[in-house]
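Mind the numbering: the sequence shown is residues 0 to 284 in numbering that gives the first Met the number 0, read in order. For every residue, glycine included, the Cβ atom is placed at its ideal position computed from N, Cα and C. Presented below is the structure to which this report refers.
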Amino acid sequence: MKALRIHGGRIDLAATSYPDAPRPWLDLSTGINPCPWPIDRAPSVDLERLPSPAAIRQLEEVAARHFGTSADRVVALPGSEIGLRLLDVLDLPSPARFVTPSYSTHSEALRAATPIGRDAVDTVHDGTLLLANPNNPDGQLDDPKRLLQIARGGAWLVLDEAFADVAPECSLIPHVAPEDCAIIFRSFGKFFGLAGVRLGFMIGPSGPMETMRRRLGSWPVSAHAVAYGTAAYGDDAWIADARRSIVERAARLDTLLAHYGLHGRGGCPLFRLIDSDDAPTVFEG
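This is the structure we're talking about:
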């Protein structure tokens, strides 16, 4: 069990660690929608050409509409994790803090960052604060109005909204003004179930956005990411159905867990954190 306390998705490592386990493996470690957006709805991809600037702009425009903001505040990324790992190029103010528990990436994203508990975020009035909403692994959800006060109270807020597509009411994006000290990351792969496409977005004020654009260069995302992202973010009917289906499946999972005396935590229907006094035995079983 100790060897698997890493970022999810390492089915190869799990299979090596437990060679006698039944096959096929079911990966519950990443919170990725197991019912992906159907890629046959996307136009054909010309892999002999670089993605055009116009096509990338169109992707950002469609994504911006989905997020509830304007396209000039959106930068396409080759996955939201890359954006998090490039935060140091933005020269955000110190001291840097990150909320724990959360992604291991958060502890590495900001130089010399120190961990704080989620109950302490209201005390942050300077420097930079990084947190996720919804949070992983506990599914904690914060009211965006609470988070907005941080961005307007003297600190820079860096918000990881990788799981917010399934719960759009928790997103800070529609509430932030251009002058607010808030940078927000969104992930394409989790809600749309296409993590291998490697597509994400950064939303924020003009200064940090231009710095990130310069660092990423002319072709920040692949032709596949442009085609799939543009088509999927524009598929309003599929998005509505997926949100409803994910919530329904989460409710069925809760019922199944309760049958075995297990109870999930958190408000994000893409995953559950299970509290158990006998977690190692449950895991090994």
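| message | Please report the distance separating the alpha-carbon of residue 14 from that of residue 24. | response | Translated into the one-based positions of the sequence shown, residue 14 becomes position 15. Translated into the one-based positions of the sequence shown, residue 24 becomes position 25. Answer to the nearest angstrom: the Cα atoms are 8 Å apart.
| Between the C-alpha atoms of residue 86 and residue 258, what's the straight-line distance to the nearest angstrom? | Mapped onto the sequence shown, residue 86 falls at position 87. Mapped onto the sequence shown, residue 258 falls at position 259. So the two alpha carbons sit approximately 44 Å from each other.
| field | 8 Å contact criterion, which residue 201 and residue 182 should meet: CB distance rounded | value | Within the sequence shown, numbered from 1, the residue matching residue 201 stands at position 202. Within the sequence shown, numbered from 1, the residue matching residue 182 stands at position 183. Confirmed, about 7 Å.
| query | From this set, 82, 230, 93, which residue's C-alpha is nearest residue 211's C-alpha? | reply | Stepping through the sequence shown from its first residue, residue 211 is reached at position 212. Residue 211 has its Cα closest to that of 82, out of 82, 230, 93.
| Which term fits residue 265, buried or exposed, when burial requires 16 or more other beta carbons within 10 angstroms of its beta carbon? | Position 266 of the sequence shown, counted from the start, is the residue given in the question as residue 265. Result: buried.
| task | Enumerate in chain order the residues of its own chain whose CB-to-CB distance from residue 151 is below 7 Å, with the five nearest sequence positions on each side excluded. | result | The residue labelled residue 151 in the question sits at position 152 within the sequence shown. Excluding residues within five positions, the ones whose Cβ falls inside 7 Å are 179.
| request: Might you give, ordered along the chain, the residues of its own chain that have their beta carbon closer than 7 Å to the beta carbon of residue 31, omitting 5 neighbours on each side? | output: Start at 1 with the first residue of the sequence shown, and residue 31 comes out as number 32. Counting only Cβ-Cβ distances below 7 Å, and skipping sequence neighbours, we find 188, 189, 192, 194.
| field | Boundaries of the beta strand (DSSP E) in which residue 228 is found, first to last residue | value | Looking up residue 228 in the sequence shown gives position 229. First-last for residue 228: 222–232, but that is the alpha helix (DSSP H), not the beta strand (DSSP E).
| In whole angstroms, what is the alpha-carbon distance linking residue 16 and residue 27? | In the sequence shown, residue 16 corresponds to position 17, counting from 1. In the sequence shown, residue 27 corresponds to position 28, counting from 1. Taking the straight line joining both Cα atoms gives about 16 Å.
| query | Between which two residues does the beta strand (DSSP E) harbouring residue 130 extend? | reply | For the purposes of this step, residue 130 is identified with residue 131 of the sequence shown, where counting begins at 1. Where residue 130 is concerned, the enclosing beta strand (DSSP E) stretches over 127–131.
| query | What is the residue span of the beta strand (DSSP E) that residue 98 lies within? | reply | As a position in the sequence shown, residue 98 is number 99, starting the count at 1. Where residue 98 is concerned, the enclosing beta strand (DSSP E) stretches over 95–98.
| task | Determine the closest residue to residue 97 out of 53, 138, 158, with distance taken between C-alpha atoms. | result | As a first step, residue 97 is located in the sequence shown; it is residue number 98 there, counting from the start. Of the candidates 53, 138, 158, the one whose C-alpha sits nearest the C-alpha of residue 97 is 158.
| query | Using the rule of at least 16 other Cβ atoms within 10 Å of the residue's Cβ for burial, across every protein chain shown, is residue 69 buried or exposed? | reply | In the sequence shown, the residue the question calls residue 69 occupies position 70. Answer is exposed; the Cβ neighbour count stays below 16.
| What are the partner residues of residue 215, as DSSP defines its beta bridges? | The residue labelled residue 215 in the question sits at position 216 within the sequence shown. Answer by DSSP bridge pairing: none, since residue 215 is not bridged.
| Secondary structure at residue 76, three-state DSSP: helix, strand or coil? | Here residue 76 corresponds to residue number 77 of the sequence shown, with the count starting at 1. DSSP places residue 76 in strand when its eight states are reduced to three.
| message | DSSP three-state label for residue 274, please. | response | As a first step, residue 274 must be located in the sequence shown, where it is residue number 275. Note: residue 274 maps to strand in three-state DSSP.
| request: Would you check if the stretch 55–64 and the stretch 239–259 touch, i.e. whether three or more CB-CB distances between them fall below 8 Å? | output: Output reads no: the stretch 55–64 does not touch the stretch 239–259.
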